[in-house]
Structures are given as C-alpha cells and as structure tokens.
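Engineer: Residue numbers (numbering that gives the first Met the number 0), protein chains in the order written: chain L, 0 to 561; chain V, 0 to 561.
Quick one: the structure is below, questions incoming.
There are 2 protein chains.
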Amino acid sequence: MKSRIVVIGANAAGAKAAAKARRTNPKAEITVVDRGNFISYGACGIPYYVSDTVTDLSELMSTAVGVVRDAEFFSKVKGVSVRTRTEVTGIDRDSKVVHLLENGTVASFLPYDKLILATGSSPFIPRVSNVDLGNILTVKSIEDAEFLKERAIPGAAVCIVGGGLIGLETAEALHSKGMRVTLIEMRDQLLPGVLDPEVASVVEKHVREQGVTVMTGRTVTGFAGNEAVASAIVGDIELPVDLVVLAPGVTPNVKLAKDAGLSVGVTGAIAVDQWLRTSDPDIYACGDCCETTHLVTGKKVFIPLGSTANKQGRVAGINAAGGDAVFAGVIGTSILKVFRVNAGKTGLTETEARANGFEVETVMSPAPDRAHFFPGAKPILLKLVCERKTGRVLGLQAAGEGAVDKRLDAAATAITFRATAEQLSQLDLAYAPPYGAAMDNLIVAADIMKNKLSGHARGISAREVKRKFEEEEDFILLDVRSPAEHGEIGIEGAKLIPLGVLREKLHELPKDKEIITFCKISLRGYEAQKILDAAGFTDTKFMDGGILAWPYKYRGKLENKC
Amino acid sequence: MKSRIVVIGANAAGAKAAAKARRTNPKAEITVVDRGNFISYGACGIPYYVSDTVTDLSELMSTAVGVVRDAEFFSKVKGVSVRTRTEVTGIDRDSKVVHLLENGTVASFLPYDKLILATGSSPFIPRVSNVDLGNILTVKSIEDAEFLKERAIPGAAVCIVGGGLIGLETAEALHSKGMRVTLIEMRDQLLPGVLDPEVASVVEKHVREQGVTVMTGRTVTGFAGNEAVASAIVGDIELPVDLVVLAPGVTPNVKLAKDAGLSVGVTGAIAVDQWLRTSDPDIYACGDCCETTHLVTGKKVFIPLGSTANKQGRVAGINAAGGDAVFAGVIGTSILKVFRVNAGKTGLTETEARANGFEVETVMSPAPDRAHFFPGAKPILLKLVCERKTGRVLGLQAAGEGAVDKRLDAAATAITFRATAEQLSQLDLAYAPPYGAAMDNLIVAADIMKNKLSGHARGISAREVKRKFEEEEDFILLDVRSPAEHGEIGIEGAKLIPLGVLREKLHELPKDKEIITFCKISLRGYEAQKILDAAGFTDTKFMDGGILAWPYKYRGKLENKC
C-alpha cells in the first residue's frame, strides 16, 4: 500500500515511529518534520554531557554501533525523509494536510494519509517575576546542554528549581563542574511523586553529604537582576546566584493537537486509545505529548519517559503503516543515579496507593545488594507496598549505593502480572554470591510482607516511633543489637538487651508496656518480637527497617551506619 | 502446641527450617543434628574463600550483620538446639525416633513428632581408576575449602574435572592463586545444561583468554600416581598434575530416606509434594536432598541451589511447626561469574525446550548493558527462546561482562507468569542511561522475537551459515556494516555493501540467490533484509546476533569485536 505518513517530531518517539512505519510498509512515503536542528538525540544523556561524563555530543545522536542518526542516515538507511528547522503551524484535518514554516520563513504544506504526533514536552516555566532574565535556563534540548556547559563556571553559584529526576541529575552534573549548587524543592521532600518521604531521605542525605545545599518545602517566588539573573527570591531569603536551572517538571506539547480539535485528556496530554489513536482515527500520538494508562490504578497518567516514548513510537509507527499493535500502559517505573546513590520506584508508592483508595501494608528492608561476604557489596533499602486484603504487590521503591535497578525491574515485571507477596517470595531469581544473597533482597522483603499480612510480624514505622518520643508516650524502645553495635551508633532513649540474652533477661521488661524492638535492619528485631510474644508480652512490635531506616538524628557517626 | 521437631542437616535448608519452625511455633522443641563441624555456612562462598576474595572463613558463617551462626547463636537467639558431629544412622518411622551416633562413638536416639530432612547433596565421584589417590578432592565443605587453599600452590598444575558452575568458579579461584589450570568437560561445551553451545562459547573464549586450558568433549578415564595423584588420564593423553578437583556435579543424599522406605523420585532425589512432605506425612524434606517441579515443563527436576534451599527450608519449617506454606517449584534459573564474564539462564535453553517437545523461535541479541554513551557500558549477549505457536517466553540466556543478572531476574519473573514476547516487550523497566538503553536489551530481544514470530524478520543462526560455507552452498553473505567496521573485522567470504548505499546498489545483487545479511548485531542486518524484501528479493534472511554472535574464526583482532 502506497500511503503518505507524516510524523511531527524527530526525537525518541517520532524517529522510532518513522523507522517502524518504514519496516511495516516498505512502499509508504514517510516524512518527519522537526522544528529543531538536531534529531533523534538521547535527551536523557544531557546531564552526562554537561558533566563531561559523555564528552562528545555526537555520541548522544548515534546508534549503539556508532552510526550518527542524522537526516542523511534516515534517508539512506531508513528511506525516511527528514526536514529539520521546519515548524508545523497547523493541521488541517479536513484536507489532511499539515502547514509548515521552514527556516522560520518559507511556508508550505504536506499532505498525509496518516499523521503521527510526536511533539514531545517542554520544561514547565513557573510564572514568577523576572523568570525571563538571562542565565535562567532549562535542560531539554541540545542547545540547552551547550548553553549550560558554557556557563558551568567553577565557583559560581547555581540555583536549581525542582528536586525531581532532572533537577537532581543536573545538580550532580553542575556540582561535578565545581559549581556551588543549591537545590530548591517546593514540596517537603526530594523526588515527590517518585519516592515516599523516608526513602527520599536516603537520597537527600547523600546529596547533602556531597556538598549540595538542599532546601525543601521552599518556593522560589521570583528572580532579581539586570540583564542576567543575580539572585533568586525564596520567601524572605534573597539567594545570590550566577545561574538558574528551571527543572520543576515538563508539560506536554499539545497546542497543535488542541488547535486541530483533537481531544486532550484529564492529564492535559493528548488522549489516545491503546492503538495510540487520537480522537481522529487518522492521527496517532506517541511519546511525551500523549497520556497513557497506569496499569495498577487503571487511571490515565502523564509520565513522560524515553523508554515509554520508544515503545509507543513503535506502536504508532506500525499502526500508521497499516499494521496492528497496542500499547497497554505503564506502571510508573522510574530511576535515577545521583552521585553514588541509585533510587527509583515501580508501581505505586505508599502515598500514591493510599490516595488511590488501597488499604496497604508496607515493608522496609535494608540489606546488602549481594552476598554480605562478597567484596563490593553495597547497601540498598527496599520499600515494598502491598494491598492488605489480597497481598497483591502494588509497588516497590529502592534506594542505595547498590544495584537497585535489578530489584526494580523484577518487581516491575511482577507488578505487571499482578503478583502477590506470596508469588514474589517464590521467584526463582538468579543467585550466586556476586549477584545477591541466597535470599535476594526482594524475596526477604516479600517474606517479611507475608509475616506482616498474616499477623505474625507487627511493624511500626520510624516516623511513628519518633512521634511517640515527641509526645512522650510511655513505651520501651528496645535495641536488641550487640553491645558493640549499640556502642557505635544508637537511638537516644532506647534500652539495650542484646537478642542473645533476651530470653534470660525477660524479667527486666514490664509486661504492661508497649515494647518496640529494633536492630540494624530489624530481622533480629522481629526475632525479639517473637520471643516476647511467646513469653506472654502482649503489646510488641518491631521498628520497620531497623536503625538503617531511621532517617532522624541518632547517636554516633554516619559512616558507621551502613 | 508443644511438639518435637527434629531437623537433619544444619546448612542452608536445615538452618532456615529450624529458625522458621521456631517462629511458627514458639513452644516447639526443636533440635538440629548435623554430622559436620560447621553449620549454616555459605557453601556458595567457598570458591571465593579459596581465591582469598573472602579472607575470613567466619564471614561465610555469619549473618549479614556480622553475627556468627554457631550452635550458641541458634540456642540463644533462635531457641533451637544444635548438635554437631552427630550422624543420624537411621530413622525408625514406626516409633518416630532417629538413631544417632555422636562423635562417631556414642549412640543415642531422638524422638520426633515431625522430622525435616535437609541432608543435602554430595559431590559426585566418577568411578574411574585411582580416584582415591591423595590430592584428588571436591569442593563442598569448609574442610574441602581449607584443604584446597593449602594445596593451591603457585605454578603447580591442577586439573578440574567438570565444566559446570562449580568447576568454572573453582578454575577462576585456583588460577587467581597462580596455579596452571586445565578444565576438562565431557560434553562438547562448557556449562552443558545451563547454556546452549553458542552462548557457552562466550564463556569458553573468555576463560581461555585468561590462560585456562579448556578441553571439552574429553573424559578423564583415571588417575595415576603413588600416594598423591601425579597425572590424569584423558583418553590417550597423560596430563601431569599436582592436584585434581572433581566437580562433575552433585548427587542428593538420599540414603537415610531410602533406608527408611521413603519415596525417591525419578530424578533420584527425595520425592515431595508442594508442602514438601515426603511419602510419610510426618517427614518433610527440603534443600539439595529433594526434587522439585520445573514450572515451565511441569516435570520433576533435581536442581540443587542455595537460593532454592532457603526458600524450601522456610516452607518445610512452617509446615512442620503446624503452619501452612507451599513451594511451587523452580524455573531452572542459574548464574555464575567467571573472571570478568557473567553468564546464566532462566527457564529453558533451546536445547531443553526442543527436548521437551516445544516448537521454538530464538533470538540472539548482543548490545551494551546500559546507554551506549554511558561510560562503563559493557556488552551482553541475550538469547531469548519462545514457543513459536503462542509466543510464550520459555527461557532466556545471557552472557557477557555487563549486567546479565538484571535481565535474567526480569525474565525469570516474566517466565513465572507465563509472559509472551508481546508482554515482555511492553514491560515498564527502570530506565536512565546508567542502567540501560531506552529500549532495554530485554525489550529489544522481545521486539526482534515479535518480528520473527510474525514472519517479518527471518533469522538464520551463525551455525547454519557456517554449515552453508562448509557445504559450499550457493548463497551470498552480505555484510552491511560500514567499510571501516568491515576493515577491522569480518567473516571470510562475505560481500560488503554498507546499509547506507544498499538502496543504490541493489543491482549488484542477484535476485535468484539466497542472501543472508549481517552487521555488528544484525539490527542493520534486519533493515537490509527489509530493504531487499521491498525490492523484490525473495530469499532473504539476516544472521542472528550479527558478527558479535559469530563464534567461529573471523578476520581481524578479537579486541576489536565487542
């Protein structure tokens, strides 16, 4: 079938859609238009280019085998015509043409049989005073990257607005260039929407330790300066800055779609069905400009990610070229590396799960990422969230210096197939000492979850224990670690009875008080709870995740903690 | 409920079973007997102790937080009595007692209400001449480890019999101690039963490059020497050796069970149901001594692994103590690190799938393990095996210097839930450049699989291409890489037409001949096949996995290949 397919946008989704359309229909006439100079670049690599981790810009625009994906490549290899510096000014759905403006001057038009919108997203610009001053920029395009790189002067002060994925990656990049970095996040934690507060605190601590100034719960209300920005106004503070990076999130580019009368969903992104068709059956949308379905909640979401864009591009390309493919949805998986910490989530956080009406049980499980005796083992903290009634796994969060990505991917797969904690605990994961413990972190977390769901294990969060101390409740916080461990670091107000002598010293504990046990990770804490239960104590719990998951002040040195 | 639980064997499965039984029934009287001196040690860590990677033996016997799991620990912390150096000489099922021999002399007995067999496995000793000579040993116990470590003398020659997981791990350990290592494997590839030949060849090449002599398809028929072994007889070769390690596999320890009249399954291991009950409902078995169910084939298998032993110990412990837990089965996941290569599988290999009657399609997909522009990205080769009719994922193999464990774990989860290639390709895996490409290796492999299953992509294996050359078939092997890539390495007999000029040079190719395209990884190879198809060529294929998956001789230097 000879048909004319026009793709608007030549990045991840658009480039993939065009390539896949070609393979689906070798005879189609395929044209990609993009308003930018560069096409098909790895936007996710920009922070690494800024930090000189990636030294050559062309690497971001190459295939894995080193072929640069430029217009010539698309023409010769893919048989796809690419027109850069070409803005689409409108879509005439009745005549099925798109109106173009080339190089900002030459108007023309392009007829289509099928149209694919891959218009992407743009950094959200907060409406605050003087946001248009010089040296206030965003991180999205190759031009942004070059600009940022030029201005990343050692010793200069940069303020990053937004403590999400891009804000943090940029903070690391600019810190590595010797800049003094202040990161400002409106919400009272980093990575809101990605991590629950106690998991985010692992990231925040690490980022602070690297020398980044972190201000959470603070809003930038404006900027001051003459031509270039000189200060950021944060409430009553005027923060002197040489550079500002705006990274408070992105918004989908939907103007073209809206102007053409296409439906936009509740999320503000273009509405599509599972074939990625818009409300016009001849027009598809894919990538950052469209919304998708969250497979855990069933709700529409806007979660723009390069991984999703590529998968969607494939589906839109196949369908536009006459094939049949579907894109089911996402489960909200995301991850970042910031300095030496890896952190991410899949499925729902506890906050999200509760907001969606789930009654949940949670487990905090800190442990080394490989056999504890294997050199190079590094700690990771897992937070598992399950539906209480069914045991269904709703989400996993992971943070730490070790391999969190592996646990997230296995959990993402499990969540996709609606696994329960029981099923998660039985997974036949790849085990040898260089890769994990015989009981992988994920399986340990699932086992603890099973203990909790069955009522055998009763946990209480560090946050709740903190509250009890603050409100001077009458309870005993029982440290069951060894005297040596207790001596190194501890929690003020805790009583020490090592697990090994607990059975002999039960008489030292009152039976009429609430007793909350803990150890390093609360496995011994759980053992202690079971010993107390068996001895007739009636109000016992262990503190989730032990001292490794205690995000507050404690006695002793940080470096001894992990 | 007061009840007497006796556990035979105090390693992974037995120790776990005892601990879990205690938590399930705080009042039970729990006794663990073990004939050895050491209990609850990480046997999987032995090669790393031998190589001094793990320097302190006690680390193998400690918990993740550094507590040594000895008899005192079990007594004080777990409330479990452990009797070491105590051999069980018989089980009297009528009277429900086990007969003991302590320290080889003192006979006694122990009554039980529930009995748990965790008798483990023993290295298989081949019945060849003079196998009982000195310095011929196995790798199983702490004593073996100490013995091996003493005899690992730099410059001395060691022959390792068996090219499986333990043989390879031991080869690395002894090579790192400066020994001259010869590895002998009866089958014509390393890791038979774990990897298909072309994936195993990645491991074999790497191991050879490190200086280990590998002999496959060769059998050790005996040994010669006076008191200590002096040579290994391999067919007509007499190989001078100072040390021999026997690692041809393990057999389950079933004598006690057999003598007591318990059922032994087709695999030779103790038969159990999903509650891990033996044919006697008061006797459970767990760990290396029992068989389990392969969840892909539904057949009984004997796959002794520490990860499985721990999970089974938990189930047996709960059930013996009056709880209710099941162990569904395994999917044959295993992994090893040998020198810098990681290799493993989950589910079925192609060989296993065909042997089990599946009609299969396979994909070979080599690619970097993270974004290609991210420093430290390392190549991994995936082999995906699916059922042709349904697209169901049957297995994944992975080998290379990069993160293969992550892909195996995600695939293991997918296989457990009977995912199809379509579902695998839509997984919302954790993406950022430090962790993978926007299209993860697993998703790329699944996409290629979908192209193959739908008939769009037609692959042919390197082995088949090799055969065509050998039998002088009339076909064209078409290299579509760049001239520079072609100049560096190539396959003898291939014709070069770079993909970028293929559309212009179609006239150089005959339409009546079979044309097999390839590139580095055969993504361009696939593009080329599609271009040829569109131009009316009727007999086109691409070579699976490109030159990276060509395990035979080629022109150029190895280091340029990956």
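From the three backbone atoms N, C-alpha and C, an ideal C-beta is built for every residue, glycine too.
Predicted, not measured: the structure shown is a model, and the values here were computed from it.
(1) Please state whether DSSP places ALA151/V in a helix, a strand or coil.
(2) Measure the CB-CB distance between ALA319/L and ILE115/L and report whether it falls below 8 Å.
(3) Return the residues of the region 332-365 of chain L that lie within a Cβ-Cβ distance of less than 8 Å from chain V, sorted by chain order.
(4) Using 8 Å as the limit for Cβ to Cβ distance, is PHE536/V near chain L?
(5) Would you please verify whether the beta carbon of LYS310/L is less than 8 Å from any beta carbon of chain V?
(6) Skipping 5 residues on each side, what residues in its chain have a beta carbon closer than 6 Å to that of TYR525/V?
(7) Exposed or buried, which one is GLU562/L when buried takes at least 16 other CB atoms within 10 Å?
(8) Considering only the alpha carbon of each residue, which of MET363/L, ALA256/L, GLY394/L and LYS139/L lies closest to ILE459/L?
(9) By a C-beta neighbour count over all protein chains shown, 10 Å radius and 16 as the cutoff for buried, is TYR551/V buried or exposed?
(10) Rounding to the nearest angstrom, what Cα-Cα distance links VAL127/L and THR220/L in this structure?
(11) Would a C-beta distance cut-off of 8 Å place GLY44/V and VAL53/V closer than the cut-off?
(12) Taking 8 Å as the CB-CB cut-off, is LEU380/L touching chain V?
(13) If you reduce the DSSP assignment to three classes, tell me which class LYS344/L lands in.
(14) In whole angstroms, what is the alpha-carbon distance linking PRO482/L and THR296/V?
(15) In terms of DSSP beta bridges, what is GLN209/V paired with?
(16) Determine the direct distance from the alpha carbon of VAL202/L to that of VAL337/L, and round the result to whole angstroms.
(17) With a threshold of 8 Å between beta carbons, is ASP281/V in contact with chain L?
(18) Could you work out which residue in GLY119/V, VAL180/V and VAL240/V is closest to GLU208/V when comparing CA atoms only?
(19) Are the Cβ atoms of ILE124/V and TYR434/L separated by less than 8 Å?
(20) Does any CB atom of chain L fall closer than 8 Å to the CB of ASP415/V?
(21) Are the CB atoms of CYS158/L and ALA223/L within a distance shorter than 8 Å?
(22) Tell me whether MET448/L sits in a helix, a strand or coil according to DSSP, three-state version.
(23) Measuring only between beta-carbons, confirm whether ASP69/L sits less than 8 Å from chain V.
(24) List the residues that DSSP assigns as beta-bridge partners of ARG276/V.
(25) Measure the C-alpha to C-alpha separation of SER50/L and ALA144/L and round it to an integer number of angstroms.
(26) Between which two residues does the beta strand (DSSP E) containing ALA223/L stretch?
(27) If we define contact as Cβ-Cβ less than 8 Å, is TYR430/L a contact residue for chain V?
(28) With 9 Å as the C-beta to C-beta threshold (strictly closer), list the residues of the region 289-300 of chain V near chain L in chain order.
(29) Counting only beta-carbon atoms, is LYS529/L nearer than 8 Å to chain V?
(30) So is ASN559/L in contact with chain V if we call contact Cβ pairs under 8 Å?
(31) In whole angstroms, what is the alpha-carbon distance linking ALA366/V and ALA16/L?
(32) What residue from GLU86/V, ALA527/V, LEU393/V and GLU237/V has the CA that sits closest to LYS77/L's CA?
(33) Quick check on THR104/V: buried or exposed, where buried means 16 or more other Cβ atoms within 10 Å of its Cβ?
(34) Is it right to say GLN273/L is buried, meaning 16 or more other beta carbons lie within 10 angstroms of its own, or is it exposed?
(35) What I want to know is whether the C-beta of ARG480/V ends up closer than 7 Å to one or more non-hydrogen atoms of the ligand SAH.
(36) Using 8 Å as the limit for Cβ to Cβ distance, is LYS519/L near chain V?
Structural biologist: Taking the definition as stated:
(1) coil
(2) yes
(3) THR332, SER333, ILE334, LEU335, LYS336, ASN341, GLY343 and THR345
(4) no
(5) yes
(6) ALA456 and PHE541
(7) With chain L covering 0 to 561 only, the question about residue 562/L has no answer from this structure.
(8) MET363/L
(9) exposed
(10) 6 Å
(11) yes
(12) no
(13) strand
(14) 51 Å
(15) Bridge partners of GLN209/V: none, in fact.
(16) 8 Å
(17) no
(18) VAL180/V
(19) no
(20) The sequence given here has Thr at residue 415/V, not Asp. Judged by the 8 Å Cβ criterion, THR415/V is in contact with chain L.
(21) no
(22) helix
(23) no
(24) TYR283/V
(25) 10 Å
(26) 219-224
(27) yes
(28) LEU294
(29) yes
(30) Annotation note: pLDDT 42 at ASN559/L (below 50); position unreliable, coordinate value reported separately. Output row for ASN559/L: interface = no.
(31) 21 Å
(32) ALA527/V
(33) exposed
(34) exposed
(35) For the ligand SAH, the structure offers nothing, since it holds no ligand at all.
(36) yes
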